[in-house]
Amino acid sequence: MLYLVGLGLADETDITVKGLEIVKKAERVYLEAYTSILLVDTAKLEEFYGRLVIVADREMVESSSDEILQNADKVDVAFLVVGDPFGYVNTSHHTTLTLRVGSGFSTNDIMISIYRATTHTDLVLRARELGIEMRNIPNASIMSAIGCTGLQLYSFGQTVSMVFFTETWKPSSYYDRIKQNAEHGLHTLVLLDIKVKEQSLENMARGRKIYEPPRYMTVAQCAEQMLETEAERKEGICGPESLAIGAARVGAVDQQLVVGTLEELTKVDLGKPLHSLVLLGTKTHELERDYIRRFAVDTATFDNIWKKHYEAKS
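If you count by the numbering used here, then the sequence shown holds residues 4 to 317, one letter each, in order.
Here it is in structure tokens:
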């Protein structure tokens, strides 16, 4: 049987009791290591589990899934996934080739997007083709753990992803989803890009297996890009005075939260990855306000912005 085992968000101890029992009895144990990262290294996992853990990078998962599934109709194989196997992790992981006509955020852009298909769903579908049974062992993902901000989960709208902008590619489709959320006064969770074992477009085109250093988007970078999009769109969806929450290493002992305007968040340093951002909806409840106020970059600024843009609508 193939087991997809969620690991949670922080360290080796976040695995569920059920998940740990499966890992200990499995014939082989793989760790999916490119759509997100755990906040401890593989050696820590191996020590805690008492098992050898095989790191499955993008190339293995996408090109050698049959190797992972080998004999899984006869033996148990555990495939470990950061967060929840079928929930969002902290990434908007994909590769995009872009041809541009014009510049900036022109609607004349021609984009050829190569999205990495949902890795875990692909693996399950391949297992089905081979007649292999599958069982999902869920765990916490950023989608549920973001409740640590004190915001009510049912007050969130669509989740969006923020990718690294380049000189020639600055997608703004996320803005339209935030706008839809804003029309209903809902919060928006923004998942920030990571680049792990990525190839440059040139190396991809030339077939060279040369990989770029890992990169992890920060709250400050996300806030800067949101303001850049707002400067182009000018619809008041994510302006300098929009309140947002920056979250870093959610679920870890050194978890950090900070609340401020997007302008303020462009200057914050929340340290190591992974980071997320929540843009506050205008219908933020007073209890939510009271909870997040303690994390404000500057309480006077927070109070002023709240009265100016949020109080009458909450």
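For each residue, glycine too, the CB sits at the ideal point set by N, CA and C.
Computed from a predicted structure; not experimentally measured.
Assigned exposure category for residue i - 16 Cβ within 10 Å defines buried
| i | result |
| --- | --- |
| Met213 | Before going on, a small fix: residue 213 reads as Ile here, not Met. Counting Cβ neighbours within 10 Å, Ile213 comes out exposed, since fewer than 16 surround it. |
| Gly107 | Confidence is the limiting factor: at Gly107 the pLDDT is only 43, short of 50, which leaves the residue's position unreliable, though a coordinate-based value still follows. Label assigned to Gly107: exposed. |
| Asp17 | buried |
| Asn184 | buried |
| His190 | buried |
| Ser66 | exposed |
| Gln224 | buried |
| Glu170 | exposed |
| Lys173 | buried |
| Thr124 | exposed |
| Tyr35 | With the sequence shown as reference, residue 35 is identified as Glu, and Tyr is not the correct amino acid for it. Glu35 comes out buried. |
| Asn307 | exposed |
| Glu205 | exposed |
| Thr302 | exposed |
| Gly150 | exposed |
| Leu128 | exposed |
| Lys77 | exposed |
| Val85 | buried |
| Glu291 | buried |
For residue i, three-class secondary structure by DSSP
| i | result |
| --- | --- |
| Ala226 | helix |
| Phe159 | strand |
| His187 | coil |
| Ala275 | In the sequence under discussion, the amino acid at residue 275 is Lys, which differs from the Ala named in the question. Coil. |
| Ser164 | strand |
| Thr263 | Correcting the residue identity first, residue 263 is Gly in this sequence and not Thr. Reduced to three states, the DSSP call for Gly263 is strand. |
| Lys27 | helix |
| Ile71 | helix |
| Arg211 | coil |
| Met63 | helix |
| Leu192 | strand |
| Ala143 | coil |
| Ala234 | helix |
| His96 | Residue placement at His96 is flagged as unreliable, the pLDDT there being 39, under the threshold of 50; the coordinate-derived value follows with that caveat. Three-state DSSP puts His96 in coil, outside helix and strand. |
| Ala130 | helix |
| Ala315 | helix |
| Glu170 | coil |
| Leu42 | coil |
| Gly150 | helix |
| Val256 | coil |
| Asp87 | coil |
| His123 | helix |
| Thr304 | helix |
Residue from the options with nearest C-alpha to residue i
| i | options | result |
| --- | --- | --- |
| Glu132 | Val85, Leu154, Ser176, Ala75 | Ala75 |
| Val261 | Ala208, Lys21, Glu62, Phe305 | Phe305 |
| Leu273 | Lys310, Thr221, Gly242, Gly263 | Thr221 |
| Pro88 | Val8, Pro174, Lys270, Gln183 | Val8 |
| Lys275 | Lys27, Met207, Arg129, Tyr219 | Tyr219 |
| Leu55 | Phe82, Val64, Ile40 | Phe82 |
| Lys47 | Asp60, Lys286, Asp14 | Asp14 |
| Tyr178 | Lys28, Val166, Gly153 | Val166 |
| Met300 | Gly249, His288, Gly254, Val84 | Position check: residue 300 holds Val in this sequence, whereas Met was assumed. For Val300, the nearest C-alpha among the options comes from Gly249. |
| Leu126 | Ala59, Asp257, Gly153, Ser175 | Ala59 |
| Lys28 | Gly53, Met229, Arg297 | Gly53 |
| His288 | Glu50, Gly134, Leu156, Glu35 | Leu156 |
| Gly254 | Lys182, Thr152, Ile181 | Thr152 |
| Arg180 | Gly90, Val163, Leu194, Phe168 | Val163 |
| Thr285 | Val256, Ser279, Gly239, Leu277 | Gly239 |
| Leu42 | Gln258, Ala315, Lys270 | Gln258 |
| Ser279 | Val193, Asp69, Glu70 | Val193 |
| Ile145 | Ile135, Glu136, Phe159 | Phe159 |
| Asp79 | Ser203, Val32, Ile295 | Val32 |
| Ser68 | Lys237, Val20, Ile135, Glu49 | Ile135 |
| Lys21 | Tyr313, Asn139, Ala208, Leu195 | Asn139 |
According to DSSP, residues forming a beta bridge with residue i
| i | result |
| --- | --- |
| Phe82 | Leu7, Tyr33 |
| Val58 | Leu34 |
| Gly249 | Val261, Leu280 |
| Ile197 | Tyr219 |
| Arg138 | Tyr6 |
| Ala13 | Answer by DSSP bridge pairing: none, since Ala13 is not bridged. |
| Gly299 | The sequence given here places Ala at residue 299; Gly does not occur at that position. DSSP, once it has assigned bridges, lists Val262 as partnering Ala299. |
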